[in-house]
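Here's the structure we're looking at; comments come further down.
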Amino acid sequence: MSTQRLRPIERYFPTEPWLEAYRDAINASDEYADKSAGWGVDFDGSFVFQMENVPFDSNAVADLPPEIVETIKELLDRPETQLEPLLEEAPPDVRERIESRTGPLEERVTEEVLTTTLADVPDRLWPELRSTAPDSLDDLLTQLEENVAPDGTIYAYLDLSDTECRGVDTVTELDDRQYGFRLVGDYEHWKTLVGGNGDVIDMLMAGDFELDGDVQTILQYSGAAVALTEISAGIDTRFIV
1 MSTQRLRPIE RYFPTEPWLE AYRDAINASD EYADKSAGWG VDFDGSFVFQ
51 MENVPFDSNA VADLPPEIVE TIKELLDRPE TQLEPLLEEA PPDVRERIES
101 RTGPLEERVT EEVLTTTLAD VPDRLWPELR STAPDSLDDL LTQLEENVAP
151 DGTIYAYLDL SDTECRGVDT VTELDDRQYG FRLVGDYEHW KTLVGGNGDV
201 IDMLMAGDFE LDGDVQTILQ YSGAAVALTE ISAGIDTRFI V
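Residue numbering for the sequence shown follows the UniProt record's numbering, starting at 1 and increasing by one per position.
Written out as structure tokens, the structure reads:
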């Protein structure tokens, strides 16, 4: 598979470029502008979307979307004369595991990389190897490394105020941003919501999400909340995990 078949990075969730594409879609939505008029006026309308239990410790590189896995396989499909100098720069424990495997060097390196858990990517996919990857692939791996807190939580910040989204960000510490509301849920529930397969109000009432903030204000602007969900569903999203 050609590396050109990687999606643009803004299509991959959860990444900052995806959030930026979401921000742009919010600001382009007449329905959201209509339903959210007055939101955040005289109160802090900013939101933190807290996504818990991102499967970083249990999912491996092989569990990434197929086009990413195929790109990685292509990256490692090279003769021993090219792989051996790269391995000289690998961490000692990585080299030991590769040497303990059987088969051609390219197969052993590929197996080592694909079985690496996503949590271990920063330590085991060493810089010299990453430098040979397409920029789009390295950008995706960097997003995973930078956006997920050590406990497997992602915090996405949206500055929502009176018909518009003024900014977005990802943080790894909840205290890094002041906010008016926080919506907390398991990552799998967030995938359901972002994918357009759930209603945020229904899921909140069902206990799939917890709200830190005034629920009556949310219910007053339930149309805006639903519009935000519909906007996310309209993005051609690819879930990294």
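Beta carbons are placed, not taken as given, at the ideal position from N, Cα and C, and that holds for glycine.
Spell out a yes or no on whether the stretch 78-91 and the stretch 4-20 are touching, meaning 3 or more CB-CB pairs, one atom from each, closer than 8 Å. When Cβ pairs closer than 8 Å are counted between the two stretches, the stretch 78-91 is seen not to touch the stretch 4-20, the count staying below three.
Taking 8 Å as the threshold, find out whether the stretch 199-209 comes into contact with the stretch 8-17 through three or more Cβ pairs. Here the stretch 199-209 makes no contact with the stretch 8-17; the two share fewer than three CB pairs at distances below 8 Å.
If we cut at 8 Å on Cβ distances, does R5 have a partner in chain D? Within the model displayed, chain D is absent; a lone protein chain is all it includes.
Given a cut-off of 8 Å, decide if S46 and Y221 are closer than it, judged by their beta-carbon atoms. Here residue 221 corresponds to residue number 221 of the sequence shown, with the count starting at 1. Here residue 46 corresponds to residue number 46 of the sequence shown, with the count starting at 1. Not a contact, by the Cβ cut-off of 8 Å.
Start-to-end residues for the beta strand (DSSP E) that takes in D212: Residue numbering aside, residue 212 sits at position 212 when the sequence shown is read from its first letter. Run containing D212: 209-212, per the beta strand (DSSP E) assignment.
Can you give me the start and stop residues for the beta strand (DSSP E) that L158 sits inside? As a first step, residue 158 must be located in the sequence shown, where it is residue number 158. Note, L158: beta strand (DSSP E), 154-161.
C-alpha gap between L158 and E107, whole angstroms: Translated into the one-based positions of the sequence shown, residue 158 becomes position 158. Translated into the one-based positions of the sequence shown, residue 107 becomes position 107. Cα to Cα, L158 sits roughly 43 Å from E107.
With burial defined as no fewer than 16 other Cβ atoms inside 10 Å of the residue's Cβ, what is the status of G40: buried or exposed? Start at 1 with the first residue of the sequence shown, and residue 40 comes out as number 40. With 16 or more other Cβ atoms within 10 Å, it is buried.
If you check the beta carbons only, do V168 and E52 fall under 8 Å apart? Locating residue 168 in the sequence shown gives position 168, where the first residue counts as 1. Locating residue 52 in the sequence shown gives position 52, where the first residue counts as 1. Against a cut-off of 8 Å, the Cβ pair of E52 and V168 comes out as no contact.
Mapping the DSSP letters down to three states, classify Q4 as helix, strand or coil. Within the sequence shown, the letter at position 4 stands for residue 4. Because Q4 sits at a pLDDT of 49, beneath the cut-off of 50, its placement in the model cannot be relied upon, and the point is left open.
Could you tell me if A225 is buried or exposed, where buried requires 16 or more neighbouring beta carbons within 10 angstroms of its beta carbon? For the purposes of this step, residue 225 is taken as residue 225 along the sequence shown, with counting starting at 1. With 16 or more Cβ atoms within 10 Å of its Cβ, A225 is classed as buried.
Between which two residues does the beta strand (DSSP E) carrying residue 243 extend? Any answer about residue 243 is impossible in this case: the structure gives the chain only from 1 up to 241.
DSSP three-state call for R97: helix, strand or coil? As a position in the sequence shown, residue 97 is number 97, starting the count at 1. Residue state for R97 is assigned as helix, using DSSP reduced to three classes.
Can you give me the C-alpha to C-alpha distance between D120 and L114, rounded to a whole angstrom? In the sequence shown, counting from the first residue as 1, residue 120 sits at position 120. In the sequence shown, counting from the first residue as 1, residue 114 sits at position 114. Here the alpha carbon of D120 sits roughly 11 Å from the alpha carbon of L114.
Name the two residues that bound the continuous beta strand (DSSP E) containing residue 242. In this structure the chain extends from 1 to 241, so residue 242 is not present and cannot be described.
By the 10 Å Cβ neighbour count, where 16 or more other Cβ atoms means buried, how is R5 classified, buried or exposed? Counted from its first residue, the sequence shown places residue 5 at position 5. With fewer than 16 Cβ atoms within 10 Å of its Cβ, R5 is classed as exposed.
In terms of residue numbering, what span does the beta strand (DSSP E) encompassing E164 cover? Within the sequence shown, numbered from 1, the residue matching residue 164 stands at position 164. Counting along the chain, the beta strand (DSSP E) containing E164 begins and ends at 164-171.
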